[in-house]
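K.L.:
Residue numbers for the sequence shown follow our numbering, so the first one is 340 and each next one is one higher.
Every residue gets a Cβ at the ideal spot worked out from N, C-alpha and C, and that includes glycine.
These figures come from a predicted structure and were not determined experimentally.
Structure provided below as structure tokens; questions to follow.
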Amino acid sequence: MESRWNKGKLSYQPILTFMAETREYLHGDLHNGDRHSGEEIANHIQKVIASLPTTAKTIYGRADSGFYCWEAIEAYEAGHCQFIVCARKTDRLVEQLQKAVWKPSKQTDADEECEFIYQPQGWAKAHRFLALRYDKAAREKKNDKKKNKKTSDAKEAEQYQLFDTAPYEYRVFVTNMKGSIAFLTWFYRQRAGAENLIKEANNDAGLAAYPSDRFDINRIHFQLAMVAYNLNAWLMVFNREPVADATKLKHTTLAIARLRFLFIAAKIWSHAGRTGIHYSDQYQEQGLFQRLMTRLRSIKLQDLAFRPVLHPALK
Numbered sequence: 340m341e342s343r344w345n346k347g348k349l350s351y352q353p354i355l356t357f358m359a360e361t362r363e364y365l366h367g368d369l370h371n372g373d374r375h376s377g378e379e380i381a382n383h384i385q386k387v388i389a390s391l392p393t394t395a396k397t398i399y400g401r402a403d404s405g406f407y408c409w410e411a412i413e414a415y416e417a418g419h420c421q422f423i424v425c426a427r428k429t430d431r432l433v434e435q436l437q438k439a440v441w442k443p444s445k446q447t448d449a450d451e452e453c454e455f456i457y458q459p460q461g462w463a464k465a466h467r468f469l470a471l472r473y474d475k476a477a478r479e480k481k482n483d484k485k486k487n488k489k490t491s492d493a494k495e496a497e498q499y500q501l502f503d504t505a506p507y508e509y510r511v512f513v514t515n516m517k518g519s520i521a522f523l524t525w526f527y528r529q530r531a532g533a534e535n536l537i538k539e540a541n542n543d544a545g546l547a548a549y550p551s552d553r554f555d556i557n558r559i560h561f562q563l564a565m566v567a568y569n570l571n572a573w574l575m576v577f578n579r580e581p582v583a584d585a586t587k588l589k590h591t592t593l594a595i596a597r598l599r600f601l602f603i604a605a606k607i608w609s610h611a612g613r614t615g616i617h618y619s620d621q622y623q624e625q626g627l628f629q630r631l632m633t634r635l636r637s638i639k640l641q642d643l644a645f646r647p648v649l650h651p652a653l654k
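What follows is the structure in structure tokens.
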């Protein structure tokens, strides 16, 4: 699951978590005012975990620095989650970085890397911290050469919430996961997909188009927009290829799905007691559309749940 604290309009602070494999929206809310409290973040994490299938064997959480607090870490551990969270800059953390033993980072984009056990102020126990260090002067010189381009460094700075402490810049994570710094950095980087999902919800589902000056109405709008987003996510899961590996599941944005499966040029005809649909010759997705409709029609109730429609199940 991938969590994001996202600064929005009108002093609204949306908080969202997505399932990385299927891109489903799991849970979220709209907060009126300043940053979410630790208690609110912990409550959010608990609801996310409760919404997951009971068949989930291992839960992994990736979250940005908005989740950097003891309450969030405690909630992840109480839910038996493996987590990695981007850290926020504090004076005590900077002291730890300055005292740490650094070594060349050959498998990441950083100049150097380190790890240490550290207990932030107010935390009940110490945790593993990973850090990447970048030579600020060298990065500025490199960026000057590419100033006319949108560099990957700029994107990563936004993604990792890189913080500046001259003469270096740092990216720091707290985690309870095992593995090398390079692997866990790569693993965290995969949550960049959450940023794209938020943009999709904003642009295609109208998430950021708050209709009112009243917070309660906008809070309802937030959930309705995410229902619209999820309807598309579920539609794409129904239309997936019959493979079990969830990592191979391709994502189709809401805007593209509308053109392929919702806004279709067709004519309904009726003749001699028969009714049918004639598709435009320009419509190239007729086979996929018929497959999707067949699967949707095959949905059946079984006790209090639904019977499987597609085999094999995603893993």
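#1: Let me check one thing: in DSSP terms, what residues is R613 bridge-paired to?
#2: Let me know if G615 comes out buried or exposed under the rule of 16 or more other beta-carbons within 10 Å of its beta-carbon.
#3: Can you name the residues that DSSP bridges to P353?
#4: Roughly how many whole angstroms lie between the Cα atoms of R579 and P459?
#5: When the Cα atoms are used, what is the spatial distance from L546 to D555?
#6: Could you check the C-alpha separation between R530 and M358 for me, to the nearest Å?
#7: Within the same chain, show all residues whose beta-carbon is closer than 7 Å to that of G678, passing over the 5 residues directly before and after it, in chain order.
#8: Which complete alpha helix (DSSP H) runs does the segment 499-530 hold, if anything under 4 residues is left out?
#9: Touch check for the segment 588-607 and the segment 396-404: three-plus C-beta pairs under 8 Å?
#10: Helix or strand or just coil, what does DSSP make of I423?
#11: State the start and end residues of the unbroken beta strand (DSSP E) segment that holds H650.
#12: Does G400 come out as helix, strand or coil in the three-state DSSP assignment?
#13: Can you find the residues in the same chain that come closer than 8 Å, C-beta to C-beta, to K442, ignoring five residues on each side of it along the sequence?
#14: DSSP on D448, reduced to helix/strand/coil?
#15: Which whole-angstrom value is the C-beta distance of R467 and N515, which I expect to be below 8 Å?
#16: Less than 6 Å between C-beta atoms, sequence neighbours within five positions excluded: which residues of the same chain meet that for A493?
#17: Could you check which residue in Q435, H366, A540 has the C-alpha nearest to that of A426?
#18: Please list the terminal residues of the continuous beta strand (DSSP E) segment that includes R472.
#19: Express the C-alpha separation of A548 and L563 in angstroms, rounding to a whole number.
P.N.:
In this structure, then:
#1: H610
#2: exposed
#3: L369
#4: 44 Å
#5: 15 Å
#6: 10 Å
#7: Here the chain comprises residues numbered 340 to 654, so residue 678 is not present and cannot be evaluated.
#8: 520-528
#9: no
#10: strand
#11: Note, H650: premise wrong, no beta strand (DSSP E); not H, not E.
#12: strand
#13: E451, E452, C453
#14: coil
#15: 7 Å
#16: Caution is warranted here: a pLDDT of 41 is assigned to A493, below 50, making its placement in the model unreliable, and the coordinate value is therefore given only provisionally. Excluding residues within five positions, none has a Cβ falling inside 6 Å.
#17: Q435
#18: 466-474
#19: 12 Å
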